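*Asks:* Numbering (full-length UniProt numbering), first residue to last: 1 to 200. One structure, pasted below without further comment.
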């Protein structure tokens, strides 16, 4: 398609401009040229190079973060879902870990590695044995992780505003993480005790 019928300002003429061009093509070309598509940054000829747009590395969105206006409830729900999924996926491995760390293991519960332990547990005690007690853990993991994420995000923002207004403070992040971990472990400890009874 030729760029014919351009006026002094570099904008194509109406639908009649350019032989062999349909009215739809002419209208489309007119729209492109009026918006500056195919023209340089200073309105030069088509195909002129535009200067590259530099982006501030700090302006890119953090893929791990929730939107800036996310409420405490949103953080709690996100944390609860993440915690439940994490505990459910890792539960069989955690069952093996508990048995291997036991101070007085059953003679039949001495394993060389995790895969061999899982295979022997399933073969001798049944397919669902490594998942025994999962419901208790999932029930406790939801509230514990909801507390963790909500506390961490709220404290991190509050302390950062006090220590380093408008910025990010490593001290605030560390303090928020400490308090959030204490709350999480306090909520999760009774559940862990029950889980160990199920595992051994």
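Ideal placement from N, C-alpha and C gives every residue a C-beta, glycine not left out. Because the structure is a prediction, the values reported are computed rather than measured.
What is the rounded straight-line gap between the Cα of residue 93 and the Cα of residue 114?
*Replies:* Rounded to whole angstroms, residue 93 to residue 114 spans 7 Å at the Cα level.
*Asks:* Excluding five sequence neighbours on each side, which residues of the same chain lie with their C-beta closer than 6 Å to the C-beta of residue 95?
*Replies:* Contacts found: 130 and 199.
*Asks:* Measuring straight from C-alpha to C-alpha, what distance separates residue 132 and residue 160?
*Replies:* Going from the Cα of residue 132 to the Cα of residue 160 covers about 42 Å.
*Asks:* Taking Cβ to Cβ, would you say residue 172 is nearer than 9 Å to residue 156?
*Replies:* In this structure, residue 156 lies closer than 9 Å to residue 172 by Cβ.
*Asks:* Do residue 192 and residue 142 have their CB atoms nearer than 9 Å?
*Replies:* Not a contact, by the Cβ cut-off of 9 Å.
*Asks:* Measuring CA to CA, which of 166, 123 and 137 is closest to residue 80?
*Replies:* Comparing Cα positions, the closest option is 137.
*Asks:* Identify which residue in 73, 122, 128 and 134 has its Cα closest to the Cα of residue 194.
*Replies:* Checking every option, the nearest Cα to that of residue 194 belongs to 134.
*Asks:* Specify, as a first and last residue, the run of the alpha helix (DSSP H) that residue 75 falls within.
*Replies:* 72-101 is the extent of the alpha helix (DSSP H) around residue 75.
*Asks:* Which residues mark the beginning and the end of the alpha helix (DSSP H) in which residue 160 is found?
*Replies:* Looking at the DSSP string, the run of the alpha helix (DSSP H) that includes residue 160 is 134-163.
*Asks:* Please check the pair residue 66 and residue 75, which I expect to be a contact at CB under 8 Å, by giving their CB distance rounded to whole angstroms.
*Replies:* With a Cβ gap of about 7 Å, residue 66 and residue 75 count as contacting.
*Asks:* Considering Cα atoms alone, identify which of 188, 110 and 149 is closest to residue 176.
*Replies:* Among 188, 110 and 149, the Cα nearest to that of residue 176 is on 149.
*Asks:* Does the Cβ of residue 144 have 16 or more other Cβ atoms within 10 Å, making it buried, or fewer, making it exposed?
*Replies:* Residue 144 should be labelled buried.
*Asks:* Relative to the C-alpha of residue 185, which residue among 151, 169, 164 and 170 is closest?
*Replies:* Ranking the options by Cα distance to residue 185, first place goes to 151.
*Asks:* What residue range does the alpha helix (DSSP H) around residue 177 cover?
*Replies:* Element bounds for residue 177: 170-199.
*Asks:* Let's test the definition: count the other Cβ atoms within 10 Å of the Cβ of residue 166 and tell me whether it reaches 16, buried, or not, exposed.
*Replies:* Label assigned to residue 166: exposed.
*Asks:* Using a Cβ-Cβ cut-off of 6 Å (strictly less than) and excluding sequence neighbours within five positions of residue 181, which residues of its own chain qualify?
*Replies:* Excluding residues within five positions, none has a Cβ falling inside 6 Å.
*Asks:* Could you give the distance in angstroms between the alpha-carbon of residue 183 and the alpha-carbon of residue 174?
*Replies:* Whole-angstrom Cα-Cα distance: 15 Å.
*Asks:* Is the distance from the Cβ of residue 111 to the Cβ of residue 99 below 9 Å?
*Replies:* Against a cut-off of 9 Å, the Cβ pair of residue 99 and residue 111 comes out as a contact.
*Asks:* CA-CA distance, residue 90 and residue 196?
*Replies:* Near 14 Å, if we compare the C-alpha coordinates of residue 196 and residue 90.
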